[in-house]
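Visitor: Under this note's numbering, the residue at position 85 of the sequence shown is numbered 86, and the numbers go up by one with no gaps.
In this text, a Cβ means the ideal position worked out from N, Cα and C, and glycines have one as well.
Model, not experiment: these values are computed from the prediction.
The structure follows.
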Amino acid sequence: MNTCLVNICETFEETSDFFSNRSPEKEAIVTRLFFDFLDCFSSLQAEKLEYPKEFQNDVKLYLQGHPILKKKFEDVEIRYLMLSDFYDYCRLTKKYPNKKGNQC
Numbered sequence: 002m003n004t005c006l007v008n009i010c011e012t013f014e015e016t017s018d019f020f021s022n023r024s025p026e027k028e029a030i031v032t033r034l035f036f037d038f039l040d041c042f043s044s045l046q047a048e049k050l051e052y053p054k055e056f057q058n059d060v061k062l063y064l065q066g067h068p069i070l071k072k073k074f075e076d077v078e079i080r081y082l083m084l085s086d087f088y089d090y091c092r093l094t095k096k097y098p099n100k101k102g103n104q105c
């Protein structure tokens with residue numbers, strides 16, 4: 002798994018209480034991670050093909066300025082849910098162990 006994706010997953014673990022303990026700081030972290038994810042994922046070559054088409058398509062269309070996706074991802078909760086889906090996918094497929102090295 003690419004280093005930038007590992008870093009995103011590691012930082013995402015710090016926001017596990019986003020919905021129950023929401024704060025402007027956590028919203029800023031989620032927003033930064035979202036844009037880091039877009040940048041990282043779009044820069045991947047063959048590795049991005051290993052991930053579900055939903056991630057590939059959302060990143061591609063968002064970066065192309067697709068109006069519906071741009072509007073959808075204005076919402077920090079939607080950004081969080083997309084990152085959560087990516088994190089869960091990586092954990093379930095064992096691409097990423099959590100910081101403590103525990104697999105799913």
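Can you list, in chain order, the residues of its chain whose CB lies under 7 Å from that of Phe42, leaving out five sequence neighbours each side?
Guide: Along the sequence shown, read from residue 1 onward, the residue named residue 42 stands at position 41. Counting only Cβ-Cβ distances below 7 Å, and skipping sequence neighbours, we find Lys49, Phe56, Val60.
Visitor: Enumerated in chain order, which unbroken segments of the alpha helix (DSSP H) with a length of 4 residues or greater are wholly contained in the stretch 49-91?
Guide: 54-64, 68-73
Visitor: Output the boundary residues of the alpha helix (DSSP H) element that contains Lys27.
Guide: Here residue 27 refers to the residue found at position 26 of the sequence shown. Segment 25-44, the alpha helix (DSSP H) holding Lys27.
Visitor: Using only CA atoms, which one of Tyr90, Tyr97, Thr12 lies nearest to Val31?
Guide: Mapped onto the sequence shown, residue 31 falls at position 30. If we check each option's Cα against that of Val31, Thr12 comes out closest.
Visitor: Using beta-carbon positions only, say whether Leu64 and Leu39 come within less than 8 Å of one another.
Guide: Counting from 1 along the sequence shown, the entry for residue 64 is found at position 63. Counting from 1 along the sequence shown, the entry for residue 39 is found at position 38. Cβ atoms of Leu64 and Leu39: closer than 8 Å.
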